[in-house]
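Here's the structure we're looking at; comments come further down.
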Amino acid sequence: MRAVMSGSANIASVTLAAGQASTPDDLQWVPEPGEELSALLASKLPANPAAQLQVAQSATAILGRGVPPTQPGSDTGLVVGYVQSGKTLSFTAVMALARDNGFQLLIVIAGSSAQLSDQSQKRIQKDLRIGIDGRRAWAPYHNPGPTDAAGIEGLLDNWRDPHVPIGRCQTIVITVMKQHTHLRKLTRMLRQLDLAGISALVIDDEADQASLNTQSRQNARLQRLKESTTYARLMELRRTLPSHTYLQYTATPQAPLLISIIDSLSARWVDVLQPGSGYTGGVTFFGPPRDRRPGSVPLQRPIQHERIVRTIPLTEIPSNSNPLVAVPRTLEFALRLFMVGVAAAFVRGETDGANRSMLVHPSVRTADHLTYLNWINDLFGDWRSTFRNSAADPDAANRLADSFRHAYDDLAESTSGDLPPFEELKPLFRAAFNDTDVREVNRRQGGPPVIIDWNQRYGWILVGGQAMDRGFTVEGLTVTYMPRGMGSGNADTMQQRARFFGYKESYLGYCRVFLEQGASSGFEDYIEHEEFMRRELIRVRDSHEPLQEWPRRFVLDPTLKPCRDNVLRDLYSRNIADPNEWITAQAFIGGVGTEIENRRIIDAFLDTHSFVPDIGHPNRTEVQRHLVSTPLSLRDVIDGLIADFRIRDPGEIEKWTGLSAQLGALLDEDSSAEAVVYVMSSGHPRVRGVYLTGRVKQFFQGEAPVHPENLRGTVYPGDRYVADASRVTVQIHLLNLRDDNNVVLATSVPFLAVKLPASGVRPLVEQSQAGQASASGSGA
Numbered sequence: 001m002r003a004v005m006s007g008s009a010n011i012a013s014v015t016l017a018a019g020q021a022s023t024p025d026d027l028q029w030v031p032e033p034g035e036e037l038s039a040l041l042a043s044k045l046p047a048n049p050a051a052q053l054q055v056a057q058s059a060t061a062i063l064g065r066g067v068p069p070t071q072p073g074s075d076t077g078l079v080v081g082y083v084q085s086g087k088t089l090s091f092t093a094v095m096a097l098a099r100d101n102g103f104q105l106l107i108v109i110a111g112s113s114a115q116l117s118d119q120s121q122k123r124i125q126k127d128l129r130i131g132i133d134g135r136r137a138w139a140p141y142h143n144p145g146p147t148d149a150a151g152i153e154g155l156l157d158n159w160r161d162p163h164v165p166i167g168r169c170q171t172i173v174i175t176v177m178k179q180h181t182h183l184r185k186l187t188r189m190l191r192q193l194d195l196a197g198i199s200a201l202v203i204d205d206e207a208d209q210a211s212l213n214t215q216s217r218q219n220a221r222l223q224r225l226k227e228s229t230t231y232a233r234l235m236e237l238r239r240t241l242p243s244h245t246y247l248q249y250t251a252t253p254q255a256p257l258l259i260s261i262i263d264s265l266s267a268r269w270v271d272v273l274q275p276g277s278g279y280t281g282g283v284t285f286f287g288p289p290r291d292r293r294p295g296s297v298p299l300q301r302p303i304q305h306e307r308i309v310r311t312i313p314l315t316e317i318p319s320n321s322n323p324l325v326a327v328p329r330t331l332e333f334a335l336r337l338f339m340v341g342v343a344a345a346f347v348r349g350e351t352d353g354a355n356r357s358m359l360v361h362p363s364v365r366t367a368d369h370l371t372y373l374n375w376i377n378d379l380f381g382d383w384r385s386t387f388r389n390s391a392a393d394p395d396a397a398n399r400l401a402d403s404f405r406h407a408y409d410d411l412a413e414s415t416s417g418d419l420p421p422f423e424e425l426k427p428l429f430r431a432a433f434n435d436t437d438v439r440e441v442n443r444r445q446g447g448p449p450v451i452i453d454w455n456q457r458y459g460w461i462l463v464g465g466q467a468m469d470r471g472f473t474v475e476g477l478t479v480t481y482m483p484r485g486m487g488s489g490n491a492d493t494m495q496q497r498a499r500f501f502g503y504k505e506s507y508l509g510y511c512r513v514f515l516e517q518g519a520s521s522g523f524e525d526y527i528e529h530e531e532f533m534r535r536e537l538i539r540v541r542d543s544h545e546p547l548q549e550w551p552r553r554f555v556l557d558p559t560l561k562p563c564r565d566n567v568l569r570d571l572y573s574r575n576i577a578d579p580n581e582w583i584t585a586q587a588f589i590g591g592v593g594t595e596i597e598n599r600r601i602i603d604a605f606l607d608t609h610s611f612v613p614d615i616g617h618p619n620r621t622e623v624q625r626h627l628v629s630t631p632l633s634l635r636d637v638i639d640g641l642i643a644d645f646r647i648r649d650p651g652e653i654e655k656w657t658g659l660s661a662q663l664g665a666l667l668d669e670d671s672s673a674e675a676v677v678y679v680m681s682s683g684h685p686r687v688r689g690v691y692l693t694g695r696v697k698q699f700f701q702g703e704a705p706v707h708p709e710n711l712r713g714t715v716y717p718g719d720r721y722v723a724d725a726s727r728v729t730v731q732i733h734l735l736n737l738r739d740d741n742n743v744v745l746a747t748s749v750p751f752l753a754v755k756l757p758a759s760g761v762r763p764l765v766e767q768s769q770a771g772q773a774s775a776s777g778s779g780a
């Protein structure tokens, strides 16, 4: 293997920072940054050494986790970033680093449509500076087939020829559309080549889309093995490459994480990308996830949420029962907001080399697109005509300009004085409208894809649906109008509609997002899910835990599904705990070994912790007086008391493992979470009967007194109310058990009861697969 590291590299070495991606011990090999990576970073991130170092460190960790360039074999890694956060820059940096370290063949599978594939190809060529200044470090091929085999074979042979200087060897960059016909042509071409000793890197962009086996659920149900077409082509492609790393890039990794761990596309390891400075994503637009920790104040949405995110009234949401016959007022106001922003850029002279865009996303149906397109064209056309006719009718133009004042005032509230004076904007509305185009973006009636040439105009108003979801980049997007609901409720699909995320900090005050109420709430719920998932994946990465061993567990609102079901062999379950209920293991089976072990666990915990009498009514009986601990570390209580406590009845295991999952999720969010432990009746055994099923009768002591009604529970509220409202509460009960004939079955038998605080309950999705630890075991 000959590497191409020589050259005037500005990054001579990359030191992996603590807590970032990996340490050298975790890598299979350590790539050395060279000229290509340095040039890419200097081009994309000029005068920003901190950002350059961050991208270089990340690229080194990602490439170094895969197959070394001198060895055969294959590996699969998952790389997760936020929507519109720079995933493309990450993988082009990995590609540049791969060339620096002697990889001869790079394949990027990108775009399930011609439009997205074209966009990806252009971006890759731009990032890698292909064709700049006559450079021939790269040999680009787009959707190649068998006729390209001879030329590529010659380029690969140069790497084997010791007489060809290493700097003249070209790295082959293949971009291929994620479509079965193009993938089959590529595989047929590769089969004609001698790939022995050739190191390949395969990048699957938007890896959760189209790549996965959509027959998985049916396979599990029908006990068969069948592959969907695109998935089958990807498997064939991988089998042709004797040495390769397969990198799955996505912002929505739910499906790749939930597919079968024995699937070839199930990643062995994960990396989580951190966005660069100036990124505005879900937390910016919808506020941080709800803080459920004890003592936390109610969530206050950031001020930009109230100013930027707007709710479209139900009366302006089209439906079968509510057909709209005129342009909605919120749509008209959104157009005015956008055009004020465009005019402001003309005042400041910021239109060269930049864009401002508005996105209108009515629904998935192209008929709806046409309705909104006609509304916008009619309204926009009337306004533009009035401004163009200002010489003949200045009063009309002036009145129209003044009608934008309300939109101007709205933007002024969020732009911190950056908005030019309104009187300076008014004369430039004409130019703003002349330099703004309205375009429908979909494939109506099988027509060719719409390609936006961003150099034609400064302003763009794009109307479309699914074609502008995943992977579609809208340059300079400021105003989004989306009068559609959550649809199928798939969390990954909904998040991919968030084209309004991105590096917008410098013009965030000009951004507005108009959403249907359900969609707005869905995005808020998704942020909690996303941040929890990222924390979990970062923990897996930093602990060097194989991803396939990680128990699949997500926080996810019941209104959302993690992904489409058809790619999942193993379905997930919901774990929705009730903070008003106690979780108990009340069955007694009588196994001697179980009782000895449980008693040992209780005794060891009591011996190593201090307890004091609880506070209560002086007239309580001995049975109603308890011992209580000071607040303890929840993790210590789990490890020392809950985790190893043996559940006697298999029928109770499910709810107990559900409890473990809830506790694990609570710890994942707050490692300093606390618990309080009560020793009920101060350790004096209570007497209880046992049903024939083994279940304990009247497990909890009731309130006292019972009568009269107005004094009920004033002396003792009952065991169910012996709890700390802000912490996890554990009750230790010791019971003397008797059968229906009053015969003693066992004495001092320990039982546990656990109650979660309302702030600690999470709606969870769990999935267990053969070969994994229980989904409830992580973190608890």
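If you're matching positions, the sequence shown starts at 1 in UniProt numbering and goes up one per residue. Here a beta-carbon is modelled for each residue, glycine too, at the ideal position from N, C-alpha and C.
Opening and closing residue of the alpha helix (DSSP H) in which residue i lies
i, result
"P49", "P49 to R65"
"K87", "K87 to D100"
"P538", "In the sequence under discussion, the amino acid at residue 538 is Ile, which differs from the Pro named in the question. Q517 to D542 is the extent of the alpha helix (DSSP H) around I538."
"F286", "G282 to F286"
Best match in the options for proximity to residue i [C-alpha to C-alpha]
i, options, result
"L53", "P69, D378 and S90", "S90"
"A704", "L734, R648 and Q624", "Q624"
"L737", "P717, R720, Q769 and R686", "R686"
"V30", "L78, P558, L45 and A61", "A61"
"P323", "D368, R356 and A334", "D368"
"A137", "G111, E153, S113 and M95", "M95"
"G591", "L745, L63 and I527", "L745"
"S535", "P708, F588, L666 and L201", "Per the sequence shown, the amino acid found at residue 535 is Arg instead of Ser. The candidate whose alpha carbon is nearest that of R535 is L666."
"E652", "T693, L190 and S633", "T693"
"L265", "V272, F472, S520 and Y231", "Y231"
"G111", "A604, V80, E440 and Y249", "Y249"
"R217", "R712, L568, N741 and M189", "L568"
"D607", "V679, A585, R635 and N619", "V679"
"V513", "Q586, E306, L183 and Q274", "E306"
Outcome for residue i when other beta-carbon atoms lying within 10 angstroms are tallied against a minimum of 16
i, result
"Y691", "exposed"
"R646", "exposed"
"E206", "buried"
"R301", "Residue placement at R301 is poorly supported in this model, since its pLDDT is 48, which falls under 50; the coordinates still yield a value, given next. R301 comes out exposed."
"I132", "exposed"
"A251", "buried"
"T187", "buried"
"Y721", "exposed"
"A326", "exposed"
"V765", "buried"
"E413", "exposed"
"R292", "Reliability fails at R292, whose pLDDT of 47 lies under 50, so the model's placement of it is uncertain and no value is given."
"residue 781", "Not covered by the structure: residue 781. The range shown for the chain is 1 to 780."
"S22", "The pLDDT assigned to S22 is 41, lower than 50, so where the model puts this residue is not dependable; a value taken from the coordinates is nonetheless given after this. So S22 counts as buried."
"P708", "exposed"
"D157", "exposed"
Residue i - containing beta strand (DSSP E), residue span
i, result
"Q254", "Unbroken run through Q254 is the alpha helix (DSSP H), Q254 to L258; no beta strand (DSSP E)."
"V340", "Premise fails: V340 lies in the alpha helix (DSSP H), R329 to R348, not in any beta strand (DSSP E)."
"R224", "Here R224 belongs to no beta strand (DSSP E), and DSSP marks it neither H nor E."
"E36", "Looking at the DSSP string, E36 is not in any beta strand (DSSP E); the run it does join, the alpha helix (DSSP H), is E35 to K44."
Checklist line | Runs of beta strand (DSSP E) wholly within the region 598-642 (minimum 3 residues, chain order) | finding: 611-613 and 627-629
Checklist line | the region 152-167 contacting the region 109-125, beta-carbon criterion three pairs below 8 Å | finding: no
Notebook entry, point to check: Taking three-plus beta-carbon pairs below 8 Å as touching, is the region 544-559 in contact with the region 345-355?
Noted result: no
Item checked: Complete beta strand (DSSP E) runs within the region 454-491 (minimum length 3 residues, chain order) -> 459-464 and 477-482
Note to self: Would the region 242-260 count as touching the region 566-575 if we require 3 or more Cβ pairs under 8 Å?
What the structure shows: yes
Note to self: Across the region 529-547 and the region 213-228, are there enough close Cβ pairs to call them in contact, namely three or more that are closer than 8 Å?
What the structure shows: no
Item checked: the region 488-508 in contact with the region 559-568 per 3-pair CB rule at 8 Å -> yes
Next item on the list: Decide yes or no for the touch test of the region 96-115 against the region 172-187: beta carbon pairs closer than 8 Å, at least 3 of them.
Entry: yes
Margin query: Runs of 4 residues minimum, wholly inside the region 165-215: which ones carry the alpha helix (DSSP H) assignment?
Written below: 180-191
Next item on the list: Would you list, in sequence order, the uninterrupted alpha helix (DSSP H) runs of no fewer than 4 residues that lie entirely inside the region 384-447?
Entry: 394-402, 405-412, 422-425 and 429-434
Check: So, do the region 67-74 and the region 36-53 have three or more beta carbon pairs nearer to each other than 8 Å?
Finding: no
Notebook entry, point to check: Below 8 Å, can you find three or more Cβ-Cβ pairs linking the region 650-664 to the region 592-604?
Noted result: no
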